[in-house]
Amino acid sequence: MEQAEKHPSYLQHHFADMAQQTDAAKLGMWVFLVTEVLLFGGLFGFYTFFRAWYPEMFMEAHKYLDVTMGTTNTFVLITSSLTMALAIRAMQLGKKKQTIAYLAGTLFFAAVFLVIKYFEYSHKFHMGMLPGKFYTFDGIQAANPHIFFSVYFTMTGLHGIHVIIGMIIITWVMIRTMRDEFSPEYYNPIELTGLYWHLVDLIWIFLFPLLYLIG
Amino acid sequence: MSVATTANYLNAEKGIKSWLFTLDHKRIGLMYLFAVMTSFFLGGVFALLIRLELLHPGQDFFTADTYNQLFTLHGAVMIFLFIIPAIPAALGNFVLPLMLGAKDVAFPRLNLASFYIYVVGALFALYSIVAGAVDTGWTFYTPYSTTTSTSVISMTMGAFILGFSSIFTGVNFIATIHKMRAPGMTWFKMPLMVWALYATSIIQVLATPVLGITLLLLVIERTVGIGIFDPAMGGDPVLFQHFFWFYSHPAVYIMVLPGMGIISELVATFSKKKIFGYKLIAYSSLGIALISFLVWGHHMFTSGQSEFSSMVFSFLTFFVGIPSGIKMFNWLATMYKGRITFEAPMLYTIAFMFLFAIGGFTGIMLGAISIDIHMHDTYFVVAHFHYTMMGGTVIAFLGGLHYWWPKIWGRMYNEKLARVAWAFIFVGFNVTFFTQFFLGAQGMPRRYYNYLDQYQPLHMYSTYGSWMLGVGFLIMAYYLIYSIYKGPKAPNNPWGALSMEWQTTSPPIQHNFEDQPVLEHEPYDYDTRMVVNDELIKKEDVKEKEDINV
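Chains as they are written, first to last, in the working numbering: chain S, 195 to 409; chain F, 2 to 551.
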């Protein structure tokens, strides 16, 4: 019996205690987030080069992005970060139903973000403001406007993929919450999901001004 | 007592499933070992075919296009499938938790996932070979890589996926080293192999995502034509080179740093002497990791970057020589007045020091702009690269493989055959690649399947050397595989080493150690401790006994 108390089911065999397991998992997640920052860092690098080479074109082209939709999306994502943090807080207090509700809220806001993004994308597609060689819009006079949309679609596209991955992970921890796998003693997966989700938001916080608000 | 009767990680669970779904770092390490050795064989066959074509000038066996595909595949397979995962993911996976006195790595499931991601990446790469093998060189330079009709996408997607495998190993190792050390093992009491793996993991984590995004953009460029690498559309092909080398220069340190870690272990063990300059060796690993991020432009002296950039990159490149030199001098100082024995792992250690010194010095030469302008894209670069990568990393890998082989399998290999194979590899390597320094200095350009008659003698020697290498590796494959089944049982500590992996049985039990080991002495305390017949003895006790006897 004593052994069972020492080793709860969620403590993996190769760790000495929960503190070691939690610390290792958190460190691993932070290191992984560093790789995410560098992944997007590469894209921000490309953004910097092209904006430095074609400053006027960036000025002209960015006007065709919908600031209202972008601003709305920013608020939607920040709200989703709040609900994510509240979900962790709720599980710390052992309130299972609240946790599920907040996680569902996070999922809802993530979905709203994607729907708004869909309308933005389809409008651009309709106008022919597509990346690279598919670009057909002729409203922008500056040279190489397609480059702006290459950068725009690559950056927001990769971010969108991260939002979708985040939604899958949130769904997964939500199901695990429903199955009573978490408790105030063990809620680390929700916390790590939160870390990831905040990073996804943070990337958008940089994307939004750099793409929508440079005028 | 035979190996079969003792319970260990090899026989604790049976059946193919117990391997495919294992979370045991030792089994995952072995599966990696099998995978990277298969890749090494494949890449080696490509290399032999390249050398065969170059035996005589003119077209002998392959057309120019096939030749382009061969050297690309040789490079891509050797780099992405063999040399990057070889030491960290195969040997490192096996020994890291053992060296730390841990039961496993921090994230065993992530570890297994990283192996399967590797397999998926490898399948993409293999598919590329079947579907019109890529012919861009392993560097995938634009604009050629965006226009050639060969299967660039599957190979770059393969490299992209393999990058994730590499990142996951890095994340895992960093968390393991931070959080899983045995009680008493502070940072400066870790074996230097662990320091090297730590520095390697940092580079893997920081550099690989940038390669990932670059290759992804290359794929998008090829499929959708976003134009960022296409000058006709306002893009810039040199931008690709910058981003590619921002990863791929640090990547050569992903390849060589763990090799240096192995050498640090081997040189102390076989000199039976406390390692000289422990802290300097540890810090120099981190120093190399740091500087490696600041030198990528030395690959682009002739690509049209500004002269000022070239000067800065050249200057920074010389800096890498300092931490590498520190390591080299410390190893030599460790050997000084040591009780050196020349078992196979030590032979590889000495070979490493010879070959890596040559590779390193020629690297400094190539870092000097004035020389590089003449030498770039010649066989001189090829020779330099192979002296560091094969003479450095592969030789260190082989040293480590022989060193830990008894621990992995619980069996000893044939020492005599090991020395014969070593001699073939050492001599064959030098014959193959030292000739290429001369070829390069005389102006033979790399990546050509044809050449002027004047280069023929040197090319011929180089090809003969490659056959010697092949023979050496065949002998090695024979005695290593033979030893798994028929080799004599290995003692727990055949080399008398003091680091923790030798304190458990050979092969280790499933959970590595009977009880949680506690660090009682540092890994290189050869001045106060020795191992006789698997027994750890304090030297002062031996002296006291002798005194009593007298």
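Each residue gets a CB set at the ideal place from its N, CA and C atoms; glycine is no exception.
From a predicted model like this one, the values you see are computed outputs, not experimental measurements.
What is the DSSP secondary structure of residue i, counted as helix, strand or coil?
i	result
Thr633/F	One cannot answer for residue 633/F here, as it falls past the ends of chain F, which runs 2 to 551.
Lys274/F	coil
Met531/F	strand
Asn494/F	coil
Asn513/F	strand
Ile538/F	strand
Met195/S	For Met195/S, the pLDDT reaches just 36, beneath the cut-off of 50, and the residue's location in the model is therefore unreliable, although a value from the coordinates is still provided. In the structure shown, Met195/S sits in coil (DSSP, three-state: anything other than H, G, I, E or B).
Pro446/F	strand
Ser377/S	strand
Arg245/S	helix
Asn12/F	coil
Lys624/F	Residue 624/F lies beyond the range of chain F shown here (2 to 551); nothing can be said about it.
Arg223/F	helix
Arg28/F	helix
Ile334/S	coil
Ala65/F	helix
Leu453/F	coil
Gly409/S	coil
Met301/F	coil
Ala210/S	coil
Lys311/S	helix
Decide if residue i is buried, meaning its Cβ has at least 16 other Cβ atoms within 10 Å, or exposed.
i	result
Gln197/S	Here Gln197/S scores only 46 on pLDDT, less than 50, and its place in the model is too uncertain to base an answer on.
Gly228/F	buried
Met194/F	buried
Ser265/F	buried
Gln335/S	exposed
Pro259/F	buried
Phe71/F	Position check: residue 71/F holds Leu in this sequence, whereas Phe was assumed. When all chains shown are included, Leu71/F counts as buried.
Tyr527/F	buried
Met156/F	buried
Gly264/S	buried
Gly211/S	Checking the displayed sequence, the identity of residue 211/S turns out to be Asp instead of Gly. Asp211/S comes out exposed.
Tyr337/F	exposed
Lys18/F	exposed
Tyr486/F	exposed
Arg28/F	buried
Lys15/F	exposed
Trp503/F	buried
For the putative contact between residue i and residue j, defined by C-beta atoms under 8 angstroms, what is the C-beta separation to the nearest angstrom?
i	j	result
Phe165/F	Ile118/F	5 angstroms
Ile162/F	Gly122/F	4 angstroms
Ala491/F	Met413/F	5 angstroms
Leu401/S	Thr350/S	6 angstroms
Val321/F	Ile341/F	So it is not a contact: roughly 29 angstroms between Cβ atoms.
Trp332/F	Met354/F	6 angstroms
Trp391/S	Thr300/S	7 angstroms
Asn9/F	Gly411/F	7 angstroms
Phe83/F	Phe41/F	5 angstroms
Phe314/F	Gly339/F	Between Gly339/F and Phe314/F the Cβ distance is about 39 angstroms, and since that is not below 8 angstroms, they are no contact.
Thr318/F	Gly360/F	About 14 angstroms separates the two Cβ atoms, so there is no contact after all.
Lys190/F	Gln214/S	Not a contact, Cβ separation roughly 19 angstroms.
Ala553/F	Val228/S	It is not possible to answer for residue 553/F, since the shown part of chain F is limited to 2 through 551.
Gln437/F	Val383/F	6 angstroms
Pro210/F	Leu221/S	Their Cβ separation, rounded to whole angstroms, is 18 angstroms, which puts Pro210/F and Leu221/S out of contact at 8 angstroms.
Phe430/F	Met391/F	6 angstroms
Ser484/F	Thr433/F	Wrong, their Cβ atoms sit about 27 angstroms apart, outside the cutoff.
Leu440/F	Tyr456/F	6 angstroms
How big is the Cα-Cα spacing for residue i and residue j?
i	j	result
Asp237/F	Asp231/F	6 angstroms
Leu396/S	Tyr525/F	46 angstroms
Met445/F	Val257/F	27 angstroms
Pro184/F	Pro518/F	8 angstroms
Ser507/F	Val533/F	16 angstroms
Met2/F	Pro489/F	Legend: pLDDT at Met2/F = 39, less than 50; position of this residue unreliable, value from coordinates given subsequently. Answer to the nearest angstrom: the Cα atoms are 11 angstroms apart.
Leu24/F	Leu111/F	9 angstroms
Lys549/F	Ile327/F	For clarity, residue 549/F is Ile in the given sequence; the question names Lys instead. Answer to the nearest angstrom: the Cα atoms are 44 angstroms apart.
Leu352/S	Phe240/S	14 angstroms
Pro495/F	Arg420/F	17 angstroms
Thr143/F	Val231/S	25 angstroms
Glu314/S	Phe343/S	13 angstroms
Ile130/F	Leu74/F	8 angstroms
At what residue ranges does the stretch 363-428 of chain F contain a whole run of the alpha helix (DSSP H), taking only runs of 4 or more? Look at the stretch 363-428 of chain F and you find these whole runs of alpha helix (DSSP H), each 4 residues long or longer: 370-376, 380-389 and 396-410.
Would you mind listing the alpha helix (DSSP H) stretches within the stretch 100-172 of chain F that are 4+ residues and don't spill past its ends, in chain order? If we require 4 residues or more, the alpha helix (DSSP H) runs fully inside the stretch 100-172 of chain F come out as 109-131 and 145-148.
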